[in-house]
Structure formats: C-alpha cells, structure tokens
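**Student:** Please see the structure below; I have some questions.
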Amino acid sequence: MTPLSPIESGPDGYVRTQQTDGIARVEFFHPKSNSLPSAVLQELAATIARVSQDPAVRVIVLQSGGTGPFCAGASFDELAAIGDREQGQRFFSGFAGVILAMIRAPQFVISRVHGKAAGGAVGLIAASDFSIAVEKASAKLSELAVGIGPFVVGPVIQQKIGLASFSQMAVDADWRDASWCERRGLYAKVVADTAALDAGVDTLASTLAASNPDAMAMLKRVFWQGTEGWDTLLAERAAMSGTLVLSDFTRNAIASFKGK
1 MTPLSPIESG
11 PDGYVRTQQT
21 DGIARVEFFH
31 PKSNSLPSAV
41 LQELAATIAR
51 VSQDPAVRVI
61 VLQSGGTGPF
71 CAGASFDELA
81 AIGDREQGQR
91 FFSGFAGVIL
101 AMIRAPQFVI
111 SRVHGKAAGG
121 AVGLIAASDF
131 SIAVEKASAK
141 LSELAVGIGP
151 FVVGPVIQQK
161 IGLASFSQMA
171 VDADWRDASW
181 CERRGLYAKV
191 VADTAALDAG
201 VDTLASTLAA
211 SNPDAMAMLK
221 RVFWQGTEGW
231 DTLLAERAAM
241 SGTLVLSDFT
251 RNAIASFKGK
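Residue numbers (UniProt numbering): 1 to 260.
Pasting the structure below:
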C-alpha cells in the first residue's frame with residue numbers, strides 16, 4: 001500500500017489523503033476496528049467530494065488504515081448514545097453522504113479491502129466502481145442482529161449484487177466469505193494476500209490514471225443511472241434506522257455486543 005503522510009491517530013480516528021500521478025488515495029481509520037462515528041463519516045464524505053472536484057485527480061482509491069478489519073460499520077458507542085429520532089437520522093445519514101459522494105464522483109472509485117467488512121462497510125464497498133479484496137475479507141450485514149436493518153446501504157448493495165443476494169445477507173446477518181462476495185459481484189477480484197492486493201490496486205489505479213477522463217466519467221454515469229433520486233430515498237431510509245435505534249430491543253442488543 002502506498003504510504004500516506006504520517007499523522008497522529010487519536011481516539012476519534014482520522015481521514016487523510018495523498019495525491020500522486022492522478023491517483024487520490026483516501027484513507028479512514030478508527031482504533032475500534034475501523035468503525036465509523038459521525039465525525040469520520042462526515043469527513044470521509046467531504047474529502048471524497050473535494051478530491052473528486054480536482055481536475056488533476058483521475059481515479060480515487062478508498063482504503064482503511066491498520067491490518068485488522070477493513071471496517072466494522074457503524075460506531076456502537078455512538079449508536080448507544082443516540083437520544084432521539086432526529087439525532088438517529090443524522091447519524092445514519094452520514095453513510096448516505098459517503099455513498100452519494102462516491103457514486104457521484106466523476107472518477108472511478110477503487111476500494112482496497114484488506115480485511116473483514118460488516119454492516120455499513122458493505123455499502124461503501126458496493127458504492128465503489130471496482131473493489132479488490134484479500135481472501136480473508138469476509139463480509140456480512142449485521143444490522144438485523146441488533147434490531148435495525150441495512151436500510152441506508154440497502155439500495156447500493158442491491159444495485160451491485162441484486163435483490164436475491166442482498167436479501168440473503170440482510171436476513172441471516174451471517175458472514176459470507178470473499179469467494180461468495182466475488183461470485184455475486186461485491187468484489188471484482190479476490191487475491192491471496194496484502195502484497196497481491198497492493199499490486200492489484202496500484203496497477204489498476206495507474207492504468208485508469210492514464211485513461212481518458214471524459215470516457216470514464218461518461219461510463220460512470222451509465223453505471224449509476226437511475227440513482228438520481230437517492231438523496232430523498234436514503235434520507236427516508238435513514239429515518240427508518242433512526243427510529244428503530246431507539247427501541248429497547250436495539251439498545252439491549254447494542255449493549256450486549258459492546259459487552260463482548
């Protein structure tokens with residue numbers, strides 16, 4: 001993986017970028033398994049939107065820091081602290097903001113998946129245009145297990161892998177291995193280890209950085225045709241999750257998961 005500029009990683013995590021030779025790498029990190037609190041979600045969406053407006057950027061690589069999970073999804077600490085529906089909707093709208101920034105960027109977004117992905121992380125991978133993952137990068141939609149559902153990330157996952165596969169993931173909330181994810185199209189390519197992952201991401205990013213940006217932008221619009229109304233749709237879905245997260249069932253489930 002191309003090293004990003006050194007940064008102090010505090011308890012709230014970080015989002016940072018590096019741009020070289022037409023490739024913008026956007027990296028997020030959180031010390032709790034790369035989970036995503038509101039601050040990281042908002043910064044991630046803003047960062048992707050910002051770099052996507054730079055004409056020097058030909059391709060965006062989304063990656064996470066560390067060697068553990070790619071991303072554990074929503075921050076359970078923040079979920080447990082949500083006090084009303086409006087606060088809940090704002091939190092889940094953070095995932096919507098990242099998804100919309102990714103699919104509306106004129107550049108292709110490559111996701112570098114170095115580890116497991118749970119919950120909202122699956123939505124971020126689905127919102128990329130090409131994802132490369134290692135063999136250990138299992139994925140699951142864990143939302144129903146804590147009394148909510150993959151409402152905000154659902155549309156982009158369904159668009160990527162189809163209703164049948166999305167339904168399977170959403171209903172049983174179980175892990176799918178990388179091979180399953182590749183067969184369904186969540187991952188475009190699965191490789192043996194992080195060395196092969198970095199080589200694959202770097203090679204593809206370099207190829208795309210040398211490609212016609214107008215052609216890529218037009219092709220991307222074709223990929224995401226029909227998503228123009230997602231601002232409204234994802235806001236409605238965020239409200240669903242924002243309501244359910246206040247239930248006793250969900251509060252007890254989150255407390256149980258945090259206690260493990």
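C-beta atoms are modelled at their ideal positions from N, C-alpha and C, and glycine is treated no differently. Since the model is a prediction, treat every value here as computed from it, not as a measurement.
Assign L41 to one of three DSSP states: helix, strand, or coil.
**Tutor:** Translated into positions along the sequence shown, residue 41 becomes position 41. In the structure shown, L41 sits in a helix (DSSP, three-state: H, G or I).
**Student:** Could you give the first and the last residue of the continuous alpha helix (DSSP H) run that contains E236?
**Tutor:** The residue labelled residue 236 in the question sits at position 236 within the sequence shown. Per DSSP, E236 belongs to the alpha helix (DSSP H) from 230-244.
**Student:** Three or more beta-carbon pairs under 8 angstroms between the region 177-192 and the region 136-143, yes or no?
**Tutor:** Yes, the region 177-192 is in contact with the region 136-143.
**Student:** How many whole angstroms separate the CB atoms of G123 and P69, which I take to be in contact at a CB cut-off of 8 angstroms?
**Tutor:** The count along the sequence shown starts at 1 and reaches residue 123 at position 123. The count along the sequence shown starts at 1 and reaches residue 69 at position 69. 15 angstroms between Cβ atoms; not a contact.
**Student:** Quick check on F28: does DSSP put it in helix, strand or coil?
**Tutor:** If you number the sequence shown from 1, residue 28 lands on position 28. Reduced to three states, the DSSP call for F28 is strand.
**Student:** Go ahead and pull the three-state DSSP assignment for I99.
**Tutor:** To locate residue 99, count along the sequence shown from 1; it is residue 99. Reduced to three states, the DSSP call for I99 is helix.
**Student:** Can you check the region 64-145 for any alpha helix (DSSP H) of at least 4 residues that lies completely inside it and give the ranges in chain order?
**Tutor:** Here the runs fully enclosed are 76-81, 85-104, 120-126.
**Student:** Looking at the strands, I want to know which residues DSSP matches up with Y187.
**Tutor:** Within the sequence shown, numbered from 1, the residue matching residue 187 stands at position 187. Looking at the DSSP assignment, Y187 forms no beta bridge with any residue, so it has no partner.
**Student:** Given a cut-off of 9 angstroms on the beta-carbon distance, is the pair V156 and I110 in contact?
**Tutor:** On the sequence shown, position 156 is the one that residue 156 refers to. On the sequence shown, position 110 is the one that residue 110 refers to. The answer is no: Cβ separation not under 9 angstroms.
**Student:** Return the bridge partner residues of L163 from the DSSP annotation.
**Tutor:** Mapped onto the sequence shown, residue 163 falls at position 163. According to DSSP, L163 bridges with nothing at all.
**Student:** Enumerate in chain order the residues of its own chain whose CB-to-CB distance from S9 is below 8 angstroms, with the five nearest sequence positions on each side excluded.
**Tutor:** To locate residue 9, count along the sequence shown from 1; it is residue 9. With a pLDDT of only 46 at S9, under 50, the local geometry of the prediction cannot be trusted, and the value read off the model is given with reservation. F29, P31, G65, listed in sequence order.
**Student:** Any contact of the region 166-176 with the region 189-201, i.e. 3+ C-beta pairs under 8 angstroms?
**Tutor:** Touching, no.
**Student:** Classify Q107: buried if its beta carbon has 16 or more other beta carbons within 10 angstroms, exposed otherwise.
**Tutor:** On the sequence shown, residue 107 is found 107 positions in, with the first residue counted as 1. Q107 comes out buried.
**Student:** Using alpha carbons as the reference points, say which of Q225, F76, L144 lies closest to K160.
**Tutor:** Stepping through the sequence shown from its first residue, residue 160 is reached at position 160. That would be Q225, whose Cα lies nearest to the Cα of K160.
**Student:** What's the gap between the Cα of D174 and the Cα of A118?
**Tutor:** Position 174 of the sequence shown, counted from the first residue, corresponds to residue 174. Position 118 of the sequence shown, counted from the first residue, corresponds to residue 118. Their backbone Cα atoms lie some 10 angstroms apart in a straight line.
**Student:** Measuring CB to CB, does S211 end up less than 9 angstroms from I23?
**Tutor:** Taking the sequence shown and counting its residues from 1, the one referred to as residue 211 is at position 211. Taking the sequence shown and counting its residues from 1, the one referred to as residue 23 is at position 23. Taking 9 angstroms as the Cβ cut-off, S211 and I23 do not qualify as a contacting pair.
**Student:** Could you tell me the boundaries of the alpha helix (DSSP H) in which T194 lies?
**Tutor:** On the sequence shown, residue 194 is found 194 positions in, with the first residue counted as 1. That run of the alpha helix (DSSP H) goes 194-209.
**Student:** From which residue to which residue does the alpha helix (DSSP H) around V222 run?
**Tutor:** Taking the sequence shown and counting its residues from 1, one reaches residue 222 at position 222. Note, V222: alpha helix (DSSP H), 213-223.
**Student:** At what residues does the beta strand (DSSP E) containing R16 begin and finish?
**Tutor:** Stepping through the sequence shown from its first residue, residue 16 is reached at position 16. That run of the beta strand (DSSP E) goes 14-20.
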